[in-house]
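Following this note's numbering, the numbering of the sequence shown begins with 9 at its first residue and continues without gaps.
Notes to accompany the following structure.
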Amino acid sequence: MNTHRPVRVLSRALSRALSHSSSAAAEPSFPLKNVTKSNFEQVLAELRRHVAAADFVAVDLEMSGVTSAPWRDSLEFDRPDVSYLKVKDSAEKFAVLQFGVCPFRWDSSKKSFIAHPHNFYIFPRQELPVESPTYEFLCQTTSIDFLAKYQFDFNVCIHEGISYLSRGQESKALRRLRLAYEDESNLKEVRDAPLVKMADTLFTERMKNTFTEWRDGLLRNRNGGSKFQGISNDRQQHLETIFFKMCPALSLNGFTSHQLRLIQLVIRRHFQDLSYVQVNGENSCQQHLVVHTDSEDDRESLMKEVKDEHLRQAESKVQAAVGFRHVIDLLSSEKKLIVGHNCFLDIAHIYSKFVGPLPSTAEEFVSSVNEWFPHIIDTKLLLNANTVLQQRMKKSQTSLSSAFASLCPQMSLGAKSTDLAFQLCVKVEVQVDDLRSSNWNSGAKHEAGYDAFMTGCVFAQACGHLGIDFEACLPSEKLAHNEKLKQHINLLFLSWNKGDVIDLTTGNKNAMSVGSKKKQRYSEISFEKIALIWGFSSKVKAQEIRECISKVFGPSSVVSIYHLDESAVFVQFKKQKLVSDFLSLKDTLERNNGPVAVLHPFAGLLEGGNTRAADYETYKEICSSPNAKVLFADQAEAFGIQWKTKLVEAKASLDSLECESSGVQNNALDPASKVDEKSERKDMDNVQSDSSSAHVSHFKIIDSLIASRADKVRTNM
């Protein structure tokens, strides 16, 4: 037996472990430039150079949430204009916590792209010392939990995140700050303020004597410079002679804001050669001075100089508060090709946070966005729209991580391989500060800076598979006009669920087939054939709704039923006319509230008297509301809807309105309306050409109930 064998085996195992450890240590972590408020100014200067030289810039955002209520999720029953309203609601309610910016520059000498990934932590902190509403935003628990799962550092975001102002907020802040430093409007108020308290009268008289003594002393001795001896009785208050802009001045220390206002009153009433001045001292503390000038011209010159300095300080504060928006202004001014992945929501957030309030319609939005960012490309749309890339992706999903793993396997795995299947079409190197590398471990997914890098890499590889020659694309601005890319520029997925695409150049909306990768649950949706029902009893299920409607309008009258949430459903009818017929019949039953309504198949649906119904346009109106109610029924109530049924402009509803205006409220019980009833039933029978004999007998029962009720009314008369 070889007693040395276990030792040799252990030695080899340790050797392999150390070798593996050394190999792992040789592969550095992914280089990423994390940016907070402490290094923002320095990084911004560097980023300006990188963006100016870039061929394209990839972006990605991490938000505090996506949907404010389940019914605001992207649904297959969403029309394009409704899809925009849901995106608008999301962008207005949630915050951007991280912003990834990654410029890509083609290096001709190495035949590769150089990427500069930046990961900005941002937080909507109130930075300006003016009265303005504080920022508010929602947090979706699933989104916060998702970010925490990927080790998102919320402490860095909140404490070190870069604040920002939109362009609209910047203009408003400048106006407010200028008004704060402009005291001309307050002169009359201070000068005419009455002194009603004895203590105020005594204080102003004492300060008048003090300033007179100080000024007379200056006139007797122009040298000055010594500490003023006229100290007040309060030890916390003292007056010290200093020089301000080559003029002798008294520094006012330890006075209350009320006492300072009284001092202003004394100066303006009694001294033509003295001026009250506020300046920012050390540590941004305000210093209050009484300054002596030799002439009125000197006084006006001094006050103008002080006022101009205040305005410069105000503009400097606003510029500092603009914060991260300087990055957005940079991307806009350079007119670079912006690359995102499924990025319509990202673009909406960028507009809402850094430009101004989102427009009410998608058409207005795209028109304004195109002015800021004339060239945007969505890699998710590119991968689904181009046949060459579809073949390259095969059956792979087009999520960002899946696309990155499929098109950039070497970078995704963080390792080099000689396997041809792992060879990249386009080489990419990463540079952070002065460190440039092509060998690194994969980064942290769902970190905005790394996701922006992945997005740019997917785009670069996609361009390579399309046969784009980056050497021929220089200068960089021409990449956005490349013939093989031009048909995909400024097209974004408005709704990935349905394949709705919006053109940021024209505002046109159309549907794009996303192939077999995403199977549509509902096909051929016609929004004119949809009725919206909400507020019904919670025990009513979709199948029961279908059955009660089918008993009246025929077994094939309902195409599909879709739950928005537990309080609301969409009913898609086979024919458009059935929407108005359904709403009209529901309205009639609720108005009559007789035995017919109790025995009618709709009785279960109308139970409780809170059921509301309308057409699709009402759904759009409710979606436009800024309220954030969890249930759709509560949202509709908050929106201010009072009616139970909103009739559409169809023949049935118009006839009903005409009957009401003539004073005939119960035509189902009035013998004079028999002809109209028969005509309506005849029209209904035509709609229900495919109904069964049982269905016909059902109407006979209803007719007999109506006739019986009418006979009883005549007997009682």
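Every residue gets a Cβ at the ideal spot worked out from N, C-alpha and C, and that includes glycine.
These numbers come from a predicted model, not from an experiment.
For residue i, which option in the options has the closest C-alpha, if you only look at C-alpha atoms?
i: Glu70; options: Asp81, Phe610, Glu455; result: Glu455
i: Leu270; options: Thr220, His296, Thr212; result: Thr212
i: Ala646; options: Asn635, Gly331, Cys465; result: Asn635
i: Gly507; options: Glu84, Leu591, Val287; result: Glu84
i: Asp573; options: Leu40, Ile152, Pro78; result: Pro78
i: Asn505; options: Thr653, Met520, Lys547, Leu493; result: Met520
i: Val466; options: Leu487, Phe501, Met401; result: Met401
i: Ser61; options: Cys110, Lys96, Leu136; result: Per the sequence shown, residue 61 should be read as Ala rather than Ser. Measuring from the Cα of Ala61, the nearest candidate turns out to be Cys110.
i: Leu146; options: Leu408, Tyr158, Pro132, Lys157; result: Pro132
i: Asn516; options: Cys471, Lys205, Glu372, Phe581; result: Glu372
i: Ser46; options: Ser171, Lys654, Val274; result: Ser171
i: Asp224; options: Asp302, Lys101, Glu629; result: Asp302
i: Arg87; options: Asn163, Phe128, Lys388, Thr626; result: Thr626
i: Tyr570; options: Leu597, Val560, Ala207, Trp542; result: Trp542
i: Asn447; options: Asn288, Ser632, Met419; result: Met419
i: Ile533; options: Ala550, Val438, Lys486, Ser568; result: Ser568
i: His167; options: Ile130, Thr142, Ile630; result: Ile130
i: Leu339; options: Ser376, Phe154, Val314, Phe381; result: Phe381
i: Glu615; options: Leu597, Val43, Tyr143; result: Leu597
i: Ser116; options: Leu540, Ser588, Asp97, Glu479; result: Glu479
i: Asp161; options: Asn392, Lys582, Val43, Gly475; result: Val43
i: Ile510; options: Asn378, Ser120, Glu304; result: Asn378
i: Glu100; options: Gln580, Asn490, Ser564, Pro367; result: Pro367
i: Phe263; options: Thr249, Gln280, Asn288, His296; result: His296
i: Ile275; options: Trp222, Pro609, Lys205; result: Trp222
i: Ala460; options: His473, Lys628, Val438, Phe610; result: Val438
i: Lys582; options: Arg554, Pro609, Asn601; result: Arg554
Going by the beta-carbon positions, is the gap between residue i and residue j smaller than 8 Å?
i: Lys585; j: Ala621; result: no
i: Val285; j: Phe252; result: yes
i: Val434; j: Ala413; result: no
i: Ser72; j: Gln148; result: yes
i: Phe501; j: Phe352; result: yes
i: Arg80; j: Lys94; result: yes
i: His126; j: Val51; result: yes
i: Ile384; j: Asn498; result: yes
i: Leu260; j: Val298; result: yes
i: His300; j: Leu282; result: yes
i: Lys361; j: Val104; result: yes
i: Glu135; j: Ala328; result: yes
i: Leu487; j: Val548; result: no
i: Ser76; j: Asp97; result: yes
i: Thr514; j: Asp89; result: no
i: Asn449; j: Ser37; result: yes
i: Ser82; j: Ser503; result: yes
i: Ile538; j: Gln580; result: yes
i: Tyr5; j: Leu540; result: Any question about residue 5 goes unanswered here, given that the chain covers just 9 to 725.
i: Leu40; j: Gly464; result: no
i: Asn394; j: Leu512; result: no
i: Ser588; j: Val656; result: yes
Give me the Cβ distance between residue i and residue j, rounded to the nearest whole Å; I'm assuming they're in contact under 8 Å.
i: Gly331; j: Leu173; result: 7 Å
i: Ile557; j: Phe590; result: 7 Å
i: Ala123; j: Val335; result: In fact, because the Cβ distance is near 17 Å, the residues do not count as touching under 8 Å.
i: Leu408; j: Leu397; result: 15 Å between Cβ atoms; not a contact.
i: Val326; j: Leu182; result: 6 Å
Kindly identify the DSSP beta-bridge partner or partners of residue i.
i: His296; result: Leu260, Gln286
i: Lys779; result: Here the chain has residues from 9 to 725 only, and residue 779 is not among them.
i: Glu248; result: Ser259
i: Val758; result: Residue coverage of the chain in this structure runs from 9 to 725, which leaves residue 758 outside it and unanswerable.
i: Arg113; result: Ile122
i: Arg444; result: Gln439
i: Leu493; result: None; Leu493 has no bridge partner.
i: Tyr143; result: Bridge partners of Tyr143: none, in fact.
i: Asn42; result: Asn127
i: Leu500; result: Ile510
i: Arg620; result: Trp542
i: Asn729; result: Given that the chain is displayed from residue 9 to residue 725, the structure contains no residue 729 and the question cannot be resolved.
i: Gln106; result: Glu70, Tyr129
Is there a Cβ of chain B sitting closer than 8 Å to that of residue i, yes or no?
i: Leu338; result: Looking for chain B here will not work: only one protein chain is present.
query = For the 8 Å Cβ check, are there 3 or more pairs between the stretch 345-358 and the stretch 300-308?
reply = Here the stretch 345-358 makes no contact with the stretch 300-308; the two share fewer than three CB pairs at distances below 8 Å.
ask   = Between the stretch 630-644 and the stretch 569-583, are three or more C-beta pairs nearer than 8 Å?
value = yes
request  = Answer yes if the stretch 353-362 comes into contact with the stretch 315-323, meaning at least three C-beta pairs across the two stretches below 8 Å, and no otherwise.
outcome  = The stretch 315-323 vs the stretch 353-362: no contact.
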